[in-house]
Amino acid sequence: MATVELNGAAITDAESFHVESQRAFGFPDSYPHTMDSWVDCLSYLRDEDGMSSVRLKKDEVLHIVVTHSEALRERAPDVLEEMAFCIIGINERYEDYGEKAALELELR
Numbered sequence: 001m002a003t004v005e006l007n008g009a010a011i012t013d014a015e016s017f018h019v020e021s022q023r024a025f026g027f028p029d030s031y032p033h034t035m036d037s038w039v040d041c042l043s044y045l046r047d048e049d050g051m052s053s054v055r056l057k058k059d060e061v062l063h064i065v066v067t068h069s070e071a072l073r074e075r076a077p078d079v080l081e082e083m084a085f086c087i088i089g090i091n092e093r094y095e096d097y098g099e100k101a102a103l104e105l106e107l108r
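Residue numbering for the sequence shown follows UniProt numbering, beginning at 1 and increasing consecutively.
Right under this line is the structure:
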């Protein structure tokens, strides 16, 4: 299982969430800092699309750990809620393609 850590203490709003995500997931410089783009970048981790430095093998799961999640929950609960919602949607997309769900979220 691959693991990526997002620093919840560094996330105070949507923009800082995207900056932290770009750093942690290795999104390209052209990443436009939107949730639609975040979803797109994490929807093809088993493909060679170059939208993330993370590459999963068949049936491998990416464990997304949000450290300092209480700080994130206090300062930007809407960002945390939207991230969790999008992870569910991304996993459904993988399953629609006949693949195993690819993302798992842990709050620490």
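Here a beta-carbon is modelled for each residue, glycine too, at the ideal position from N, C-alpha and C. Given the structure is predicted, the values throughout are model-derived calculations rather than measurements.
Range of the contiguous alpha helix (DSSP H) that encloses residue i
i: V79; result: P77 to D96
i: L42; result: M35 to L42
i: E16; result: As written in the sequence, residue 16 is Ser, which differs from the Glu given in the question. Its alpha helix (DSSP H) spans residues A14 to F25.
Buried or exposed by the 16-neighbour rule on C-beta atoms within 10 Å, applied to residue i
i: G98; result: exposed
i: F25; result: buried
i: I11; result: buried
i: S30; result: exposed
Beta-carbon gap between residue i and residue j smaller than 8 Å
i: A9; j: H68; result: yes
i: L62; j: V19; result: no
i: R108; j: V65; result: yes
i: I87; j: L103; result: yes
i: residue 109; j: V79; result: A query on residue 109 cannot be resolved here, the shown segment of the chain reaching from 1 to 108 and no further.
i: W38; j: S21; result: yes
i: E82; j: M35; result: yes
Extent of the continuous beta strand (DSSP E) to which residue i belongs
i: V4; result: A2 to N7
i: V65; result: L62 to T67
i: E99; result: Element bounds for E99: n/a, residue is neither H nor E.
Original post:
Is the region 41-51 touching the region 92-106, taking contact as three or more C-beta pairs under 8 Å?
Top reply: The region 41-51 vs the region 92-106: in contact.
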